[in-house]
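Residue numbers (the working numbering): 489 to 772.
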């Protein structure tokens, strides 16, 4: 009597194990093909210094292209909102045209920094990038307060065909505040890939309104202390300005010469700038 029961129980156990194995295999296969898995894979690739896995799930060129456009947009908004000293006479379209050649440099330099960090190499001792793209990257790092921003959790994903709108919750430890980051992803064979962050501008505005290290100086007139801040000047600045601003580019518009500079030191008194320099300043 015991023998048949034991045999039946063993058979049932075997069937259960087969079902469990099949279900687990199905779950793993399905889960790997979700945006949630892609987000997890990106985090793990960064922790494990796995460049191949990171690049499999992140389209850096597309992502950085969008971030560059957002950075320029926020900078132009700042110029509009702070009219003092902003009488340099050219349109936003001209400003975008002036900065367009910098975009490929920005993307390339940003990729180098990101991939170096993902690979686990030391970047703190690297030589600073002494060009416009490098200064814009420094400014972006300051504006987004990256050192105080951390991943909290995957919150939601809405799929539509081969695209997905994903919400990732991040937290700024300095502000002790969470923020929903809206991320665009596309489906590739077997998984998903990040291509764009929709609302990075909103995160920058939040930090600016709350007082990031970069934004705390924005209320100072004209040439203020803001390392990495982009400046447009119609006239070459005075001696103090030259000592504390990095001038890497000169452009010629229809009616004037435009100098582009970046603050690289913060101990130059604002009142030491000549009135001519301040009046002709348009900062971005």
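All C-beta atoms, glycine included, are put in the ideal place defined by N, C-alpha and C.
Legend entry - Alpha-carbon to alpha-carbon, residue 607 and residue 698: Against the chain shown, residue 698 aligns to sequence position 210. Against the chain shown, residue 607 aligns to sequence position 119. Computed Cα separation, rounded: 33 Å.
Inset, instruction - Rank 597, 592 and 561 by C-alpha distance to the C-alpha of residue 581 and give the top, closest one. - result: The count along the chain shown starts at 1 and reaches residue 581 at position 93. The option with the nearest alpha carbon to residue 581 is 561.
Legend entry - CB contact flag (residue 524, residue 683, <8 Å): Counting from 1 along the chain shown, the entry for residue 524 is found at position 36. Counting from 1 along the chain shown, the entry for residue 683 is found at position 195. Contact: no.
Legend entry - residue 662 - DSSP class collapsed to helix/strand/coil: As a first step, residue 662 is located in the chain shown; it is residue number 174 there, counting from the start. Residue state, collapsed to three classes: coil.
Inset, instruction - Over the uninterrupted beta strand (DSSP E) stretch that includes residue 682, give me the two end residues. - result: Counting from 1 along the chain shown, the entry for residue 682 is found at position 194. Run containing residue 682: 679 to 685, per the beta strand (DSSP E) assignment.
Inset, instruction - Below 6 Å CB to CB, which residues in the same chain sit around residue 599 once its five sequence neighbours on both sides are set aside? - result: Your numbering for residue 599 matches position 111 in the chain shown. 548.
Inset, instruction - Compare the Cα-Cα distances from residue 522 to each of 636, 650 and 688 and report the closest residue. - result: Here residue 522 refers to the residue found at position 34 when the chain shown is read from its first residue. Ranking 636, 650 and 688 by Cα distance to residue 522 puts 650 first.
Legend entry - Whole-angstrom distance between residue 689 and residue 628, CA atom to CA atom: Locating residue 628 in the chain shown gives position 140, counting from the first residue. Locating residue 689 in the chain shown gives position 201, counting from the first residue. Distance between the alpha carbons of residue 628 and residue 689 is about 11 Å.
Inset, instruction - Could you have a look at residue 589 and say whether DSSP puts it in helix, strand or coil? - result: By 1-based counting over the chain shown, the position of residue 589 is 101. In this structure, residue 589 counts as coil in the three-state DSSP scheme.
Legend entry - Contacts around residue 593, its chain only, beta-carbon distance under 6 Å, and the 5 residues preceding and following it disregarded: Sequence index remark: in the chain shown, residue 593 carries index 105 (1-based). The answer, listed in chain order, is 621.
Legend entry - Residues near residue 644 in its chain [Cβ-Cβ closer than 8 Å; skip 5 each side]: The sequence position of residue 644 within the chain shown is 156, counting from 1. Within the same chain, residue 644 has close Cβ partners 654 and 655.
Inset, instruction - To the nearest angstrom, report how far apart residue 635 and residue 661 are at their CA atoms. - result: If you number the chain shown from 1, residue 635 lands on position 147. If you number the chain shown from 1, residue 661 lands on position 173. The straight-line gap from Cα to Cα measures roughly 9 Å.
Inset, instruction - Count the other C-beta atoms from every protein chain shown that fall within 10 angstroms of the C-beta of residue 545, then say buried if there are 16 or more, exposed otherwise. - result: On the chain shown, residue 545 is found 57 positions in, with the first residue counted as 1. When all chains shown are included, residue 545 counts as buried.
Inset, instruction - Could you say which of 659, 642, 640 and 595 lies nearest to residue 553 if we only look at CA atoms? - result: For the purposes of this step, residue 553 is taken as the residue at position 65 of the chain shown. The shortest Cα separation from residue 553 among 659, 642, 640 and 595 belongs to 595.
Legend entry - Buried or exposed (CB count within 10 angstroms, at least 16 for buried), residue 638: The count along the chain shown starts at 1 and reaches residue 638 at position 150. By the neighbour-count rule (16 or more Cβ atoms within 10 Å), residue 638 is not buried but exposed.
Inset, instruction - Take residue 692 and list the residues in its own chain whose beta-carbon comes closer than 7 Å to its own, dropping the five residues that flank it on each side. - result: Within the chain shown, numbered from 1, the residue matching residue 692 stands at position 204. Excluding sequence neighbours, residue 692 sits near 562, 631 and 632.
Inset, instruction - Measuring alpha carbon to alpha carbon, tell me which of 674, 538 and 675 ends up nearest residue 605. - result: As a first step, residue 605 is located in the chain shown; it is residue number 117 there, counting from the start. Of 674, 538 and 675, the residue nearest in Cα terms is 538.
Legend entry - Beta-bridge partners of residue 607, as assigned by DSSP: Numbered from its first residue, the chain shown carries residue 607 at position 119. Note: residue 607 sits in no beta bridge, so no partner.
Legend entry - Reduced DSSP secondary structure (H/G/I, E/B, other) of residue 522: Numbered from its first residue, the chain shown carries residue 522 at position 34. In the structure shown, residue 522 sits in coil (DSSP, three-state: anything other than H, G, I, E or B).
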